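Enquirer:
Residue numbers (the numbering used here): 667 to 895.
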């Protein structure tokens with residue numbers, strides 16, 4: 667069953683008389699519970715596409731439909747609430763609050779939404795990610811891999827329907843990166859979460875169920891179908 671799709675999605679950045687088509691007429695559909703990797707060279711538009719799909723940025727043209735509703739018909743407040751409650755985000759930079767413990771960082775999005783966390787669910791996340799013994803530590807006392815696991819738990823604490831990840835293993839060594847990605851895939855699969863991941867690393871992309879390759883802002887290849895360009 668489809669959970670999110672984009673139709674003729676376009677993002678143009680203008681500077682004087684020049685225009686850069688960062689995303690150029692992209693149409694994609696994502697099934698619930700699927701794991702898609704979006705890859706391509708630097709400047710291919712993959713991070714811009716992720717920001718548009720998740721509502722972090724608005725397109726020049728086209729639309730993103732989540733469960734039947736166009737994201738960009740929402741006002742800023744409605745879109746913010748949707749992102750906070752239905753989408754999870756993991757980035758290359760950990761963005762943990764340095765003054766809070768790992769446990770407090772995990773619960774922060776739920777608390778900011780003025781909701782009571784489901785501690786049974788959070789404890790299950792923590793166990794699945796193998797960070798039970800690190801919860802009382804500040805981020806500075808955690809390794810890169812441990813910090814990224816905390817970020818994953820934080821992203822999933824609100825029980826999102828879609829997890830967006832932008833180069834989540836970029837700051838990690840190869841072994842740790844593979845471990846973190848395996849955990850992300852396992853947790854998302856067990857919880858039925860749709861995962862859309864951006865990476866330039868083909869080794870990372872090959873762990874996905876589907877690979878979409880961008881070139882100059884357009885879909886050049888989709889492993890669900892044939893070469894497009």
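All C-beta atoms in this analysis are idealised placements derived from N, C-alpha and C, irrespective of residue type, glycine included.
As the structure is a computational prediction, the values presented were derived from the model and not from experiment.
Assuming the contact rule is C-beta atoms closer than 8 angstroms, residue 800 and residue 812 should be a hit. Round their C-beta distance to whole Å, please.
Expert: Sure, about 6 angstroms apart at Cβ, within 8 angstroms.
Enquirer: Please go through the same chain and pick out, in chain order, the residues whose beta-carbon is closer than 7 angstroms to the beta-carbon of residue 895, but skip the five residues on each side of it.
Expert: Because the pLDDT at residue 895 is just 42, under 50, the model does not fix this residue reliably, and the value given afterwards should be weighed accordingly. Cβ within range, chain order: 881, 884, 886.
Enquirer: Alpha carbon to alpha carbon, how far is residue 715 from residue 966? Give it in angstroms, no decimals.
Expert: Here the chain has residues from 667 to 895 only, and residue 966 is not among them.
Enquirer: Give the secondary structure of residue 679 by DSSP, where H, G and I count as helix, E and B as strand, and everything else as coil.
Expert: It is a strand residue.
Enquirer: What are the start and end residues of the beta strand (DSSP E) that includes residue 750?
Expert: Per DSSP, residue 750 belongs to no beta strand (DSSP E); it is in the alpha helix (DSSP H), 742–752.
Enquirer: State whether the segment 679–692 contacts the segment 730–738, with contact taken as three or more CB pairs (one from each stretch) at a distance under 8 angstroms.
Expert: No contact exists between the segment 679–692 and the segment 730–738.
Enquirer: Taking only three categories from DSSP, how would you classify residue 818?
Expert: Residue 818: helix per DSSP, three-state reduction.
Enquirer: When DSSP labels each residue in this structure, what does residue 884 get in the three-state scheme?
Expert: Three-state DSSP puts residue 884 in a strand.
Enquirer: With DSSP as the reference, label residue 874 as helix, strand or coil.
Expert: Reduced to three states, the DSSP call for residue 874 is coil.
Enquirer: Tell me the rounded alpha-carbon separation between residue 875 and residue 701.
Expert: Those two C-alpha atoms are separated by around 5 angstroms.
Enquirer: Do residue 699 and residue 848 come within 7 angstroms of each other at the CB atom, strictly closer than that value?
Expert: Not a contact, by the Cβ cut-off of 7 angstroms.
Enquirer: In chain order, what residues of the same chain lie with their CB nearer than 8 angstroms to the CB of residue 668, ignoring the 5 residues before and after it?
Expert: Cβ within range, chain order: 695, 696, 697, 698.
Enquirer: Let me make sure I understand the geometry here. Which of 706, 711, 828 has the alpha-carbon closest to that of residue 857?
Expert: Selected option, being the one with the closest Cα: 828.
Enquirer: Leaving out five residues on either side along the sequence, give the residues of the same chain with a beta carbon under 8 angstroms from the beta carbon of residue 878.
Expert: The answer, listed in chain order, is 694, 702, 703, 704, 705, 885, 887, 888, 889.
Enquirer: Apart from the five residues just before and just after residue 815, which ones in its own chain have a Cβ nearer than 6 angstroms to its Cβ?
Expert: Taken in chain order, the residues that qualify are 795, 797.
Enquirer: Would you call residue 759 buried or exposed, if buried means 16 or more other Cβ atoms sit within 10 Å of its Cβ?
Expert: It is exposed - the Cβ of residue 759 has fewer than 16 other Cβ atoms within 10 Å.
Enquirer: Which residue or residues does DSSP assign as beta-bridge partners of residue 727?
Expert: DSSP output for residue 727 lists 676 as bridge partner(s).
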